[in-house]
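Right, one structure below, let's go through it.
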Amino acid sequence: MYQKLWNFTKKHTRKTHTAFLFLFTLITGWSIVGLVIGTLLCLTTAMSLPVQLTVLLCTTGYAGLIPGFFAGIFFLYKLNLKRPAGLTYHSNSEERTIKLL
58 MYQKLWNFTK
68 KHTRKTHTAF
78 LFLFTLITGW
88 SIVGLVIGTL
98 LCLTTAMSLP
108 VQLTVLLCTT
118 GYAGLIPGFF
128 AGIFFLYKLN
138 LKRPAGLTYH
148 SNSEERTIKL
158 L
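If you read the sequence shown in my numbering, its first letter stands for residue 58, the second for the next number, and so on.
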């Protein structure tokens, strides 16, 4: 799911805005999922209004934060590890780059 969203975002946006829009979409989508789950919990159980608001805020916030933001950051981190342009090392205060085949 994350790969498909990344490819779609990368295809339809500028290179400088891709990561921002990818994370924004993930956080918004997962927050909506959390809001729906919290609403279903509030409708099926008998709770007072302050408890219902707390449940809604917590399910929305944690769903947006954990699978939305953190998983999106880890996905972007993994993408950067997959594409090494070359092997760079420092020797005698010179920087040399070795091209990988």
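Backbone N, C-alpha and C define an ideal beta-carbon position, used for all residues, glycine too.
>> Just to confirm my understanding: we take L136, look at its own chain, exclude 5 residues before and 5 after, and list those with CB closer than 8 Å. What are they?
In response: W63
>> Buried or exposed, going by whether 16 or more other CB atoms sit within 10 Å of the CB of T73?
In response: exposed
> Of all the options T66, I94, T75, which has the alpha carbon lying nearest to the alpha carbon of G121?
Replying inline: I94
> From T82 to T116, what distance separates their C-alpha atoms?
Replying inline: Taken atom to atom, the span from the alpha-carbon of T82 to that of T116 is near 17 Å.
>> Taking 8 Å as the threshold (C-beta atoms), are L113 and T96 in contact?
In response: yes
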